[in-house]
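Report on the structure given below.
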Amino acid sequence: MDLDWPGCRNARDVGGLPTANGGTVRDGVLIRSDSLHYLTAQGVDAVRRSGVSRILDLRGEAEAAAAPSPFVGDPLLVAQSLQDPADPDHGQPTIVAACTWMLDRRPELFAAAVKAIADEPDGAVVVHCHGGKDRTGMVVALALSIAGVPEDEIVADYFLTQERMAGLLAEQLAAEPDTSLHPELIEFRDTRAESMVAILRHLDEKYGGPEAYLRHGGLTDDDLDRLRRRLIG
961 MDLDWPGCRN
971 ARDVGGLPTA
981 NGGTVRDGVL
991 IRSDSLHYLT
1001 AQGVDAVRRS
1011 GVSRILDLRG
1021 EAEAAAAPSP
1031 FVGDPLLVAQ
1041 SLQDPADPDH
1051 GQPTIVAACT
1061 WMLDRRPELF
1071 AAAVKAIADE
1081 PDGAVVVHCH
1091 GGKDRTGMVV
1101 ALALSIAGVP
1111 EDEIVADYFL
1121 TQERMAGLLA
1131 EQLAAEPDTS
1141 LHPELIEFRD
1151 TRAESMVAIL
1161 RHLDEKYGGP
1171 EAYLRHGGLT
1181 DDDLDRLRRR
1191 LIG
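Positions 961 to 1193 (my numbering) are the ones given, in order, by the sequence shown.
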(Lines of atoms letter the chains of each structure in order from A and count residues from 1; the text may use other names and numbers.)
(Lines give C-alpha, C1' and ligand atoms only; values in the text may rest on other atoms or scores of the structure.)
Protein backbone atom coordinates (compact mmCIF):
# COMPACT_ATOMS: atom_id res chain seq x y z
CA MET A 1 0.00 0.00 0.00
CA ASP A 2 1.44 3.36 -1.05
CA LEU A 3 1.75 5.94 1.70
CA ASP A 4 1.14 9.64 1.24
CA TRP A 5 4.34 11.04 2.67
CA PRO A 6 4.90 14.29 0.73
CA GLY A 7 8.41 14.46 -0.68
CA CYS A 8 9.01 10.70 -0.71
CA ARG A 9 8.04 8.80 -3.85
CA ASN A 10 8.57 5.22 -2.74
CA ALA A 11 7.05 4.90 0.74
CA ARG A 12 4.82 1.87 1.07
CA ASP A 13 3.52 -0.52 3.68
CA VAL A 14 4.26 -4.15 2.77
CA GLY A 15 1.24 -5.30 4.77
CA GLY A 16 -1.17 -7.51 2.86
CA LEU A 17 1.44 -9.58 1.06
CA PRO A 18 0.41 -13.25 1.16
CA THR A 19 2.37 -16.02 2.83
CA ALA A 20 2.76 -19.55 1.52
CA ASN A 21 0.59 -20.99 4.30
CA GLY A 22 -2.40 -18.78 3.52
CA GLY A 23 -1.66 -15.92 5.91
CA THR A 24 -0.79 -12.30 5.17
CA VAL A 25 1.78 -9.82 6.39
CA ARG A 26 0.19 -7.50 8.93
CA ASP A 27 -0.52 -3.90 8.03
CA GLY A 28 1.35 -1.19 9.90
CA VAL A 29 4.40 -3.19 10.95
CA LEU A 30 6.93 -2.83 8.10
CA ILE A 31 7.28 0.15 5.77
CA ARG A 32 9.88 0.52 3.05
CA SER A 33 10.82 3.92 1.67
CA ASP A 34 13.25 6.07 -0.19
CA SER A 35 15.37 8.41 1.92
CA LEU A 36 13.42 10.50 4.39
CA HIS A 37 15.60 13.51 3.64
CA TYR A 38 13.27 14.00 0.66
CA LEU A 39 10.31 14.67 2.99
CA THR A 40 8.68 18.07 3.06
CA ALA A 41 7.54 19.52 6.38
CA GLN A 42 4.13 18.05 5.61
CA GLY A 43 5.80 14.70 4.94
CA VAL A 44 7.54 14.74 8.32
CA ASP A 45 4.17 15.38 9.96
CA ALA A 46 2.66 12.50 7.97
CA VAL A 47 5.38 10.13 9.20
CA ARG A 48 4.73 11.16 12.79
CA ARG A 49 1.03 10.46 12.32
CA SER A 50 1.67 7.03 10.78
CA GLY A 51 2.31 5.09 13.96
CA VAL A 52 6.03 4.77 13.24
CA SER A 53 7.99 3.35 16.18
CA ARG A 54 11.44 3.22 14.57
CA ILE A 55 13.27 4.39 11.44
CA LEU A 56 16.17 2.23 10.27
CA ASP A 57 18.48 4.26 8.01
CA LEU A 58 20.57 1.82 5.98
CA ARG A 59 22.77 4.50 4.43
CA GLY A 60 26.45 4.80 5.19
CA GLU A 61 27.77 7.47 7.55
CA ALA A 62 29.05 9.83 4.86
CA GLU A 63 25.93 9.38 2.74
CA ALA A 64 23.66 10.17 5.69
CA ALA A 65 25.76 13.21 6.63
CA ALA A 66 25.50 14.57 3.08
CA ALA A 67 21.69 14.31 3.09
CA PRO A 68 20.61 14.39 6.74
CA SER A 69 17.37 12.84 7.87
CA PRO A 70 14.83 15.28 9.33
CA PHE A 71 14.71 12.88 12.29
CA VAL A 72 18.36 13.33 13.32
CA GLY A 73 18.41 13.59 17.10
CA ASP A 74 15.00 11.95 17.42
CA PRO A 75 14.87 8.58 19.24
CA LEU A 76 12.85 7.26 16.30
CA LEU A 77 15.96 7.23 14.10
CA VAL A 78 18.55 4.46 14.25
CA ALA A 79 21.61 4.32 11.99
CA GLN A 80 21.61 0.77 10.64
CA SER A 81 24.24 0.91 7.92
CA LEU A 82 24.97 -2.16 5.81
CA GLN A 83 28.58 -1.03 5.35
CA ASP A 84 31.53 -0.87 7.68
CA PRO A 85 33.42 2.43 7.34
CA ALA A 86 36.52 0.37 6.49
CA ASP A 87 34.82 -1.31 3.53
CA PRO A 88 36.13 -0.33 0.09
CA ASP A 89 33.79 0.79 -2.65
CA HIS A 90 32.24 -2.32 -4.17
CA GLY A 91 33.62 -1.60 -7.67
CA GLN A 92 31.22 -4.11 -9.22
CA PRO A 93 30.03 -3.81 -12.84
CA THR A 94 26.34 -4.67 -12.29
CA ILE A 95 23.74 -4.12 -9.60
CA VAL A 96 23.44 -7.87 -8.97
CA ALA A 97 27.21 -8.16 -8.52
CA ALA A 98 27.20 -5.14 -6.19
CA CYS A 99 24.34 -6.51 -4.08
CA THR A 100 25.76 -10.00 -3.76
CA TRP A 101 29.17 -8.51 -2.92
CA MET A 102 27.54 -6.60 -0.05
CA LEU A 103 25.64 -9.67 1.15
CA ASP A 104 28.75 -11.84 1.11
CA ARG A 105 30.98 -9.23 2.74
CA ARG A 106 28.73 -8.20 5.64
CA PRO A 107 26.20 -10.92 6.57
CA GLU A 108 26.33 -9.75 10.18
CA LEU A 109 25.14 -6.26 9.20
CA PHE A 110 22.25 -7.58 7.12
CA ALA A 111 21.33 -9.93 9.97
CA ALA A 112 21.46 -7.01 12.41
CA ALA A 113 19.11 -4.97 10.22
CA VAL A 114 16.61 -7.82 10.03
CA LYS A 115 16.92 -8.41 13.78
CA ALA A 116 16.20 -4.74 14.36
CA ILE A 117 12.86 -5.14 12.58
CA ALA A 118 11.98 -7.92 15.02
CA ASP A 119 13.20 -6.07 18.11
CA GLU A 120 11.77 -2.59 17.71
CA PRO A 121 8.82 -1.29 19.77
CA ASP A 122 5.25 -1.98 18.68
CA GLY A 123 4.30 0.10 15.68
CA ALA A 124 5.63 0.46 12.16
CA VAL A 125 9.33 0.04 11.42
CA VAL A 126 10.51 2.11 8.46
CA VAL A 127 13.44 0.73 6.48
CA HIS A 128 15.07 3.05 3.96
CA CYS A 129 18.29 3.71 2.08
CA HIS A 130 18.55 6.36 -0.66
CA GLY A 131 16.08 5.27 -3.31
CA GLY A 132 14.45 2.49 -1.31
CA LYS A 133 15.56 0.09 -4.02
CA ASP A 134 18.49 -2.27 -3.50
CA ARG A 135 19.69 -2.05 0.10
CA THR A 136 16.14 -1.64 1.33
CA GLY A 137 15.03 -4.28 -1.15
CA MET A 138 17.51 -6.84 0.17
CA VAL A 139 16.65 -6.27 3.84
CA VAL A 140 12.91 -6.36 3.16
CA ALA A 141 13.31 -9.47 0.97
CA LEU A 142 15.16 -11.26 3.77
CA ALA A 143 12.48 -10.32 6.31
CA LEU A 144 9.62 -11.31 4.02
CA SER A 145 11.30 -14.63 3.26
CA ILE A 146 11.35 -15.44 6.98
CA ALA A 147 7.65 -14.53 7.16
CA GLY A 148 6.95 -17.11 4.44
CA VAL A 149 6.15 -14.72 1.59
CA PRO A 150 6.70 -16.58 -1.71
CA GLU A 151 9.58 -15.53 -3.93
CA ASP A 152 7.35 -14.28 -6.74
CA GLU A 153 5.61 -11.89 -4.33
CA ILE A 154 8.95 -10.65 -2.99
CA VAL A 155 10.17 -10.01 -6.53
CA ALA A 156 6.94 -8.21 -7.44
CA ASP A 157 7.23 -6.00 -4.36
CA TYR A 158 10.81 -5.11 -5.29
CA PHE A 159 9.76 -4.27 -8.85
CA LEU A 160 7.14 -1.75 -7.66
CA THR A 161 10.04 0.64 -7.06
CA GLN A 162 10.55 0.90 -10.83
CA GLU A 163 7.16 2.57 -11.24
CA ARG A 164 7.41 4.66 -8.08
CA MET A 165 10.86 6.04 -8.88
CA ALA A 166 10.52 6.39 -12.66
CA GLY A 167 10.20 10.17 -12.45
CA LEU A 168 13.34 10.56 -10.34
CA LEU A 169 15.26 8.20 -12.62
CA ALA A 170 14.27 10.28 -15.65
CA GLU A 171 15.42 13.46 -13.89
CA GLN A 172 18.76 11.90 -12.97
CA LEU A 173 19.42 10.59 -16.45
CA ALA A 174 18.46 13.92 -18.03
CA ALA A 175 21.13 15.58 -15.90
CA GLU A 176 23.81 13.11 -16.99
CA PRO A 177 26.05 13.38 -20.02
CA ASP A 178 25.22 11.00 -22.87
CA THR A 179 24.12 7.88 -21.01
CA SER A 180 24.48 5.80 -24.18
CA LEU A 181 28.20 5.97 -23.43
CA HIS A 182 27.57 4.57 -19.94
CA PRO A 183 24.65 2.10 -20.11
CA GLU A 184 25.66 0.74 -16.72
CA LEU A 185 24.28 3.95 -15.17
CA ILE A 186 20.80 2.96 -16.31
CA GLU A 187 21.26 -0.65 -15.17
CA PHE A 188 22.32 0.48 -11.71
CA ARG A 189 19.40 2.86 -11.32
CA ASP A 190 16.70 0.67 -12.84
CA THR A 191 14.70 -1.73 -10.69
CA ARG A 192 14.55 -5.00 -12.62
CA ALA A 193 12.67 -8.05 -11.42
CA GLU A 194 15.42 -10.31 -12.70
CA SER A 195 17.89 -8.56 -10.38
CA MET A 196 16.02 -9.69 -7.25
CA VAL A 197 15.56 -13.16 -8.77
CA ALA A 198 19.33 -13.38 -9.20
CA ILE A 199 20.02 -12.11 -5.67
CA LEU A 200 17.68 -14.69 -4.14
CA ARG A 201 19.22 -17.40 -6.30
CA HIS A 202 22.65 -16.40 -5.00
CA LEU A 203 21.44 -16.81 -1.41
CA ASP A 204 20.00 -20.21 -2.26
CA GLU A 205 23.10 -21.48 -4.03
CA LYS A 206 25.75 -20.12 -1.67
CA TYR A 207 24.03 -20.33 1.74
CA GLY A 208 20.99 -22.57 1.35
CA GLY A 209 18.45 -19.75 1.31
CA PRO A 210 17.62 -16.50 3.15
CA GLU A 211 17.07 -18.15 6.53
CA ALA A 212 20.38 -20.00 6.38
CA TYR A 213 22.08 -16.75 5.32
CA LEU A 214 20.66 -14.89 8.32
CA ARG A 215 21.75 -17.68 10.64
CA HIS A 216 25.20 -17.38 9.08
CA GLY A 217 25.02 -13.68 10.05
CA GLY A 218 24.24 -14.56 13.65
CA LEU A 219 20.46 -14.78 14.00
CA THR A 220 19.01 -17.39 16.34
CA ASP A 221 15.78 -19.38 16.38
CA ASP A 222 14.39 -16.86 18.86
CA ASP A 223 15.30 -13.93 16.60
CA LEU A 224 13.57 -15.54 13.63
CA ASP A 225 10.48 -16.45 15.66
CA ARG A 226 10.18 -12.86 16.93
CA LEU A 227 10.38 -11.59 13.38
CA ARG A 228 7.63 -13.96 12.24
CA ARG A 229 5.41 -12.91 15.15
CA ARG A 230 5.94 -9.26 14.34
CA LEU A 231 5.20 -9.62 10.64
CA ILE A 232 2.38 -12.17 10.62
CA GLY A 233 1.17 -12.38 14.23
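Cβ atoms here follow ideal geometry from the backbone N, Cα and C, with glycine treated the same way.
Computed from a predicted structure; not experimentally measured.
The three-state secondary structure of THR1096, taken from DSSP, is helix. Taking C-beta separations shorter than 6 Å and ignoring five residues to either side along the sequence, the partners of ARG1095 in its chain run LEU1018, LEU1042 and CYS1089, following chain order. DSSP lists VAL1012 as the beta-bridge partner residues of ALA1084. Runs of beta strand (DSSP E) with 3 or more residues, each lying fully within the region 1012–1042, are found at 1012–1017 and 1037–1039, listed in chain order. CA-to-CA, the gap between GLY975 and ALA1024 works out to about 27 Å. Between LEU1016 and VAL1085 a beta carbon distance of about 6 Å is seen, short of the 8 Å cut, so the two are scored as contacting. By DSSP's assignment, LEU990 forms a beta bridge with VAL1085. Sequence-distant partners of THR1121 (beyond 5 residues in either direction) whose C-beta falls short of 8 Å from its own C-beta, in its chain, are ASN970, GLY1091, GLY1092, LYS1093, GLY1097 and THR1151. Look at PRO1170 here: in three-state DSSP terms it is helix. Going by C-alpha positions, VAL1012 is about 21 Å away from LEU1102.
In terms of CA proximity to ALA1046, ARG1066 leads the group TYR1167, ARG1189, ARG1066 and PRO1035. Looking only at PRO978, GLN1002 and ASP1044, the smallest Cα-Cα distance to PRO966 is reached by GLN1002.
In this chain, the alpha helix (DSSP H) harbouring ALA1076 covers 1067–1079.
The beta carbon of ARG1188 sits closer than 7 Å to those of ILE1106 and ALA1107, all from its chain and outside the five residues before and after it, given in chain order. DSSP places ALA1116 inside the alpha helix (DSSP H), whose first and last residues are 1111–1124. Taking every protein chain shown into account, the CB of PRO1170 has 16 or more other CB atoms within 10 angstroms, so this residue is buried. Between PRO1030 and VAL1004, the CB-CB gap stays under 7 Å.
Straight through space, the alpha carbons of LEU1191 and ARG986 are spaced by roughly 6 Å. Approximately 5 Å separates the beta-carbon atoms of GLN1040 and ALA1073; this is inside 8 Å, confirming the contact. If you ignore the 5 residues before and after GLY1177, its C-beta comes within less than 7 Å of the C-beta of PRO1067, GLU1068, PHE1070 and ALA1071, all in its own chain and listed in chain order. ARG1152: not part of any alpha helix (DSSP H); DSSP gives it neither H nor E. Here THR1180 carries a coil assignment [DSSP, helix/strand/coil].
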